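Per the UniProt record's numbering, the sequence shown starts with residue 1, numbered consecutively.
Even glycine gets a Cβ: it sits at the ideal position worked out from N, Cα and C.
As the structure is a computational prediction, the values presented were derived from the model and not from experiment.
Inspection log for the structure reproduced underneath, given as structure tokens.
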Amino acid sequence: MDQIYLAVGLFSFCGILAWRYYSNRKKSPYPLPPGPPADPIIGSMRYMPTERPELAYIEWGKKYNSDILYINVLGQSMVILNKREDAVELLDRRGAKYMDRPPLPYFDELGFEGMVTSANNGPYFRRHRKAFQNGFTNTKCIQYQPLEENEARQLAMRLITDSESWMAQMVTFSTAIIANLAYGIEVNGKDDDFVKWSEGVGRGVGGGASASATMVDIFPIIRNLPQWLSIFPSLKLARECRPYVKNIHEKPFDIVKDDMEKGIQKISFIRSLLEERASGKVKPADQLNDYDITSIGGTTYAAGMDTTWSTTSIFVLGMILNPDAQRKAQQEIDAVVGTDRLPTFADRAKLPAVERIVLETFRYNPVLPLNIPHKSTVDDVFKGYFIPKGYIYLNRDTSTYSSPELFNPDRYIPVSEGGEGAIPPVGHFGFGRRICPGQNLGLNNVWIAVATTLATINIQKKKDKNGSEIEPVVEMTTGFVSHPKYFPVDFQPRSERAVELLKKL
């Protein structure tokens with residue numbers, strides 16, 4: 001009897017795949033964008049890259065002489081955009097057609113079922129989006145700047161005293177900011193429970209494939225397998241990391257509610273949502289229940305923590321690869337800020353070399369290599385190609401920049417000052433109606449970490465026991481979030497005065 005059920009299940013599954021494959025082969029007077037060959041039923045599945053797919057798509061673009069690529073996998077249409085201007089046209093100017101998200105079963109299995117990032121347009125999405133927009137306005141982000149400055153100084157001190165754990169210190173920095181502004185919770189070092197949860201969440205988010213490309217995404221039916229039968233790596237990873245995701249949603253939320261009941265006064269984003277709800281002044285359409293607020297908190301925590309520490313890790317790599325850029329920025333800081341105080345956000349407009357390093361950090365290795373896919377709700381035509389409704393992936397644009405493989409902040413020096421005048425990178429915070437509402441906070445986090453570290457520390461290659469420099473292996477992780485794999489770094493204080501300033505926390 002079990003064999004009969006299995007046969008019926010397999011037959012039905014194959015039938016669904018066949019229907020999806022052939023129903024998506026719509027007739028159109030316009031051709032599909034080029035892409036790898038497709039087999040019956042499974043489409044181009046056997047050509048799909050498993051390691052650093054963003055790099056493979058760039059090579060496909062060269063092979064097929066097109067910035068727009070088309071892939072069909074198991075009947076699902078996927079369009080890859082390798083050009084910045086194409087992403088702007090489709091996702092910004094035609095945003096209404098492309099603002100939905102495809103299902104993300106892996107993230108659901110991981111515990112992010114309520115994540116607004118993956119929600120389609122509707123009351124739930126609008127309710128959550130409005131809460132984020134109100135919580136991270138420019139004015140609100142200015143209020144967070146003293147917190148960011150303080151945490152950046154603590155980061156610099158920890159890098160000096162414990163350079164072996166420098167990546168863990170980056171996680172601590174990003175976690176401390178998010179935990180404090182979202183929940184009013186102070187994080188005490190890399191051994192804090194909140195940091196451990198962050199590392200677990202980061203492993204789950206960054207350890208799989210790109211969004212909607214894991215086995216769980218391709219065959220969501222495997223989510224029904226019992227725990228002991230988690231034989232697929234992505235399913236096993238999601239289930240291993242799910243408790244950490246559960247913790248970042250529930251435990252800090254419970255702490256905030258407990259503080260409120262005890263009359264403890266702590267300002268935080270989540271507390272403001274709870275107080276607003278209790279005021280009775282919220283419109284019915286904007287009313288948030290506990291599930292809404294825990295989901296908003298979990299999304300804030302995961303998004304702010306993972307992208308910030310990954311980006312600051314790329315900054316460290318950039319300084320190792322281009323020590324001249326580090327020296328220029330340090331000279332600028334010394335001239336503008338001096339050596340008797342540390343940089344603050346008030347100095348930002350006067351530190352263009354630091355700003356260029358931040359821009360290049362975002363460009364050099366986007367922490368979301370393929371971003372979060374959009375989903376078009378209708379067929380479209382673009383540049384003479386038929387764009388069927390389906391998934392839209394945004395890849396990095398390498399054609400816009402000269403020598404894109406080099407970490408070169410000077411590429412942004414204006415032409416009037418003798419530079420290339422390269423345009424700033426876009427897309428690292430999303431596009432169109434899906435752009436991250438916390439982008440100003442994210443930029444501020446990275447900027448103050450970069451400025452404070454450069455003001456107080458020389459970032460150098462580590463030396464072995466023979467005194468020879470250890471050349472870092474430039475290797476990025478494969479996954480939804482990408483960052484450098486660990487490499488040893490020597491963080492030396494620039495002066496005794498710099499250490500004294502950091503100790504005055």
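DSSP-derived helix/strand/coil call for K503: helix
Stretch pair the region 451 to 463 + the region 321 to 332: three plus CB contacts closer than 8 Å: yes
Per DSSP, the bridge partner or partners of G43: D39 and V73
Where the beta strand (DSSP E) containing I392 begins and where it ends: Y391 to L394
Touching by the beta-carbon criterion (3+ pairs, under 8 Å), the region 240 to 253 and the region 104 to 115: yes
Buried or exposed (CB count within 10 angstroms, at least 16 for buried), V473: exposed
Distance between F132 and T299 (C-alpha atoms, nearest Å): 10 Å
Nearest-angstrom beta carbon gap, P373 and D217 [assumed within contact, 8 Å]: About 10 Å; that fails the 8 Å criterion.
Same chain only: Cβ atoms within 7 Å of F125, ignoring 5 sequence neighbours per side: V116 and A119
Per-residue DSSP class, three states only, for P369: coil
Buried versus exposed, by CB contacts within 10 Å (16 or more), R84: buried
Inter-residue Cα distance where the pair is S295 and T344: 33 Å
Pairwise C-alpha distance: R153 and T453: 8 Å
Straight-line gap, E59 to D92 (C-alpha atoms, nearest Å): 26 Å
Sub-8 Å separation of S28 and P37 beta-carbons: no
Residues near R494 by beta carbon distance below 8 Å, same chain, minus five either side: Q330, A455, T456, I457 and N458
C-alpha distance - I4 paired with K63, whole-angstrom precision: Its pLDDT being 40, under 50, I4 is placed unreliably in this model, and the value from its coordinates should be taken loosely. Each residue's alpha carbon lies about 46 Å from the other.
Per-residue DSSP class, three states only, for Q227: helix
Close Cβ partners of M157 (< 6 Å) along its chain, the five nearest in sequence each way excluded: L502
Within the region 376 to 455, ranges of the alpha helix (DSSP H) (whole runs, at least 4 residues): none
Identity of the residues DSSP links to K461 by a beta bridge: V489
Alpha carbon of N150 to alpha carbon of L505, nearest angstrom: 7 Å
DSSP-derived helix/strand/coil call for V245: helix
Within 8 Å, strictly: CB atoms of F429 and E360: no
Simplified DSSP assignment, three categories, for G15: Reliability fails at G15, whose pLDDT of 49 lies under 50, so the model's placement of it is uncertain and no value is given.
Local conformation of P33 per DSSP, three classes: coil
Within 8 Å, strictly: CB atoms of S313 and P424: no
Reference R411; option with closest CA among G479, E355 and F253: E355
Contacts around D379, its chain only, beta-carbon distance under 6 Å, and the 5 residues preceding and following it disregarded: P388 and K389
Buried/exposed call for P226, threshold 16 Cβ in 10 Å: exposed
Proximity to T311 [Cα-Cα], best of F107, T214 and V481: V481
Counted within 10 angstroms of its Cβ, other Cβ atoms place L235 as buried (16 or more) or exposed: buried
Cβ neighbour criterion (16 or more within 10 Å) applied to Q492: exposed
Given L69 as reference, the closest of K383, V415 and E471 once Cα atoms are compared: K383
Contact under 8 Å by Cβ, Y301 with I448: no
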